[in-house]
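Single-structure report; data block below.
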Amino acid sequence: MYERAPGQTLERVIAAHGGFGIPVARARRIMGHVAHALVASNEAGVIRGGLSPAHILVVAENENDVASFIEHSAEDPPTHLGYFAPERSGLSQGTIGWSTDVFPFAAILYEVLCGARAFPQTAAFEIARQVMLGPAPALAATAATLPVELRDRPDLVAALDAHLARALSGDPTTRHPTVQQLWLDVDPILRDAVRPTAGGEVRTNEPSFVSPNYYRIQSATSMPLPSDLMLGERVTWEVLGPPIGIERLHASILVEDGRAILAAGTRGLYRLVRGAWSRVPLPSGVDVRCVRGLSRLASGELLLFGEPDFCVALSARGSAQRIALPDRDITLDAAYADDRGVILVGQHVARSVGAAVLLPRGAPASTVIVEETPRLTDVTRLASGAIVAVGLNGAIVEIDERSARDVPWARSGHLYAVTMGMFGAAHAVGSGGHAVRIEPSPTGGPAVATLERVQTTRDLCGVAADFRSGAVWAVGADARLLQRKDDCWVRVPLDPSVTGRLLRVHLRAPRVIVVVEDGSAFVHDSPV
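Residue 1 is where the sequence shown starts when you use our numbering, and the numbers rise one by one after that.
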């Protein structure tokens, strides 16, 4: 039946790499489909317990891999026992449940990343002995066959191995409780692997993993869009700036009243004005490799932040002042600054949980730990003054100087960016085309989060709102650009030359400015 089916099995895809792992971007995309399909099966009451690469079909769809299951046939060879959870195969007496599907998913993920089976033994007792007694399969032991994105990242390999060891445990009670939880834990690690390194190497630029048929992990696309809100009309874009060589940008802001763009990359800090990029000299002691984000202080100074204990205010004259932080073990990913002070968010490195640093004007600094997420990714302030942060595992939290209060919602995907919008609301976007509207509670309780309809299933990584026009736009992977209209996010075509990840969208009515990860920038004068 395989020859009659379009595409090829994952078993053949793995074999085609000759004993080496599949490039991480493609592995992430394929395994994302498999995770979503398994979750859909579980929600339908089906526990497979065993699944092998031979029964996963990979089909190329618009240059993206879409993975689905091939049902077993009587003519098929038996599935290798190494792909079965031991309680499913009879090798142990554990109880079959949702974690039973975690085991085969982890075994396949291991094989996809290193090119070898997690349990290569043929005898049942040998497989049972390794599963029950160890050692657990470890990617670190197969470093020579890992994809290039992981070979020089022992930190990411160690993080993956920790999750694989748990997921491949012979005791179902010690595994991740669901496939969805395992994927929410490993997906950010894989995503980090395909980002450019501090040395500036260019990673494989492949589309994001998410399928147009995003199965049943809740997605805005599961709700139909109104018929009059199909793909937005094609608009004319003007080129603002060219790509910057082999550079990969990871942050940008508008400066000089919108007349210039400042961006941080793996190799330097850059300024775009009059159609050309120029390098911005940094003071001695400021290492651009430590920079993860940029913001503007109320004083007009530029705020650079990123690696633990790196937070610097840069004046217009080029002098740098380090900002003392109350906790020096926090990686800072995003900041929000206004006349009330500065809020920075990221991850507490030692505890591997989300963290926020509050630097209020005229008051002591404080740190708030957020246990609900391994990392906070962005932060904003509502018109009411409330601080709202978002993060991995779908975290939305309201933060004050002492604590964080969870904002309940489906938590069906990661959230990567948030911005303050009109009428006291905020808008957050994230993985798989998630877009969430966050509004203050009229009764004084937790804020209310509502999942909105979105015309993409690609990851969205940036969002911006303009108070003068009321416009809200978002950007993401595979040149995805969307405008919010009547509670729906409608895709707007960008210049056809752009196919990569859009980094940021900046709004200054009537202009919509889009910055691409490679440094190219475009502008459109929007009538809205």
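For every residue, glycine included, the Cβ atom is placed at its ideal position computed from N, Cα and C.
- In this structure, does DSSP put Asp257 in helix, strand or coil? coil
- Query: Is Ala426 near Val388, with beta carbons less than 7 Å apart?
  - Reply: yes
- Message: Please report the distance separating the alpha-carbon of Arg279 from that of Leu156.
- Response: Taking the straight line joining both Cα atoms gives about 31 Å.
- Query: Is it buried or exposed for Gln321, if we count other Cβ within 10 angstroms and need 16 for buried?
  - Reply: exposed
- Message: Here's the rule I'm using: 16 or more other beta-carbon atoms within 10 Å means buried, otherwise exposed. How should Thr373 be labelled?
- Response: buried
- Task: Can you say whether Ser441 is buried or exposed, counting buried as having 16 or more other CB atoms within 10 angstroms of its CB?
- Result: exposed
- Message: Below 8 Å on the Cβ atoms is my contact criterion, and I expect Gly265 with Leu249 to pass it. Report the Cβ-Cβ distance as a whole number of Å.
- Response: 5 Å
- Task: Tell me whether Arg267 counts as near the ligand ATP, meaning its Cβ is closer than 6 Å to at least one heavy atom of that ligand.
- Result: Although the ligand ATP was asked about, the structure shown includes no ligands whatsoever.
- Between which two residues does the beta strand (DSSP E) harbouring Glu238 extend? Glu238 to Gly241
- Cutoff 6 Å; reference Ala465; Cβ partners in own chain excluding five residues on either side: Thr419, Gly421 and Val472
- Query: Between Val512 and Ala521, is the Cβ-Cβ spacing less than 7 Å?
  - Reply: No, they are not a contact pair.
- In angstroms, rounded to a whole number, what distance separates the CA positions of Val273 and Gly258? One C-alpha to the other measures close to 10 Å.
- Item | Backbone CA spacing between Val34 and Thr367 [nearest angstrom] | Their Cα atoms are separated by approximately 38 Å.
- Assign Ile96 to one of two classes, buried (16 or more other C-beta atoms within 10 Å of its C-beta) or exposed (fewer than that). The C-beta of Ile96 has fewer than 16 other C-beta atoms within 10 Å across all chains shown, which makes the residue exposed.
- Message: Going residue by residue through the stretch 481 to 515, where are the continuous beta strand (DSSP E) segments of at least 3 residues, counting only ones entirely within it?
- Response: 481 to 485, 488 to 491 and 502 to 508
- Query: Count the other CB atoms within 10 Å of the CB of Val112; is the residue buried (16 or more) or exposed (fewer)?
  - Reply: By the Cβ-count criterion, Val112 is buried, with 16 or more other Cβ atoms from all chains shown falling within 10 Å of its own Cβ.
- Nearest-angstrom Cα separation, counted from Leu344 out to Pro364: 15 Å
- C-alpha distance - Glu398 paired with Gly346, whole-angstrom precision: 15 Å
- Query: Where do the N-terminal and C-terminal ends of the beta strand (DSSP E) with Asp525 fall, by residue?
  - Reply: From DSSP, the beta strand (DSSP E) with Asp525 extends over Ala521 to Asp525.
- Task: Give the straight-line distance between the Cα atoms of Asp309 and Gly462, rounded to the nearest whole angstrom.
- Result: Approximately 25 Å between the Cα atoms of the pair.
- Any idea which residues DSSP pairs Met420 with across the strands? Ala426
- Look at the alpha carbon of Ala324 and the alpha carbon of Tyr336, and state the distance between them as a whole number of angstroms. 17 Å
- Query: Is the CB-CB distance between Leu282 and Ser295 below 7 Å?
  - Reply: No; because the gap between Cβ atoms is not below 7 Å, this pair is not in contact.
- Task: Could you spell out the range, first to last residue, of the alpha helix (DSSP H) harbouring Asp187?
- Result: Val179 to Ala193
- Chain-order list of residues whose beta-carbon lies under 6 Å from that of Arg292 (same chain, five-residue window excluded): Excluding sequence positions up to five before and after Arg292, its CB lies within less than 6 Å of the CB of Gly306 and Asp333, all in the same chain and listed in chain order.
- Determine the contact status of Ala449 and Trp489, defining contact as a CB-CB distance below 7 Å. No.
- Message: Please state whether the Cβ-Cβ distance between Ala479 and Leu460 is less than 7 Å.
- Response: no
- Message: According to DSSP, simplified to helix, strand and coil, what is Arg129?
- Response: helix
- Query: What are the partner residues of Pro360, as DSSP defines its beta bridges?
  - Reply: According to DSSP, Pro360 bridges with Gly341.
- Message: Can you check which of these residues, Arg437, Gly19, Ser412 and Gly94, is closest to Asp185 by C-alpha distance?
- Response: Ser412
- Which class does Asp518 belong to by DSSP, given the choice of helix, strand or coil? coil
- Under 8 Å by Cβ, that's how I've got Glu517 and Arg491 pegged, so tell me the actual separation to the nearest angstrom. With a Cβ gap of about 19 Å, Glu517 and Arg491 do not count as contacting.
- Using only alpha-carbon positions, find the residue among Gly519, Asp486, Leu482 and Arg504 that is nearest to Val235. Nearest C-alpha to Val235: Leu482.
- Quick one: Cα of Val357 to Cα of Ala395, how far? Between Val357 and Ala395, the C-alpha separation is close to 17 Å.
- Would you kindly report the start and end of the unbroken beta strand (DSSP E) that includes Tyr270? It spans Leu269 to Val273 - the beta strand (DSSP E) in which Tyr270 sits, taken as one unbroken run.
- Message: Going by DSSP, what residue range makes up the alpha helix (DSSP H) through Phe103?
- Response: Val102 to Cys114
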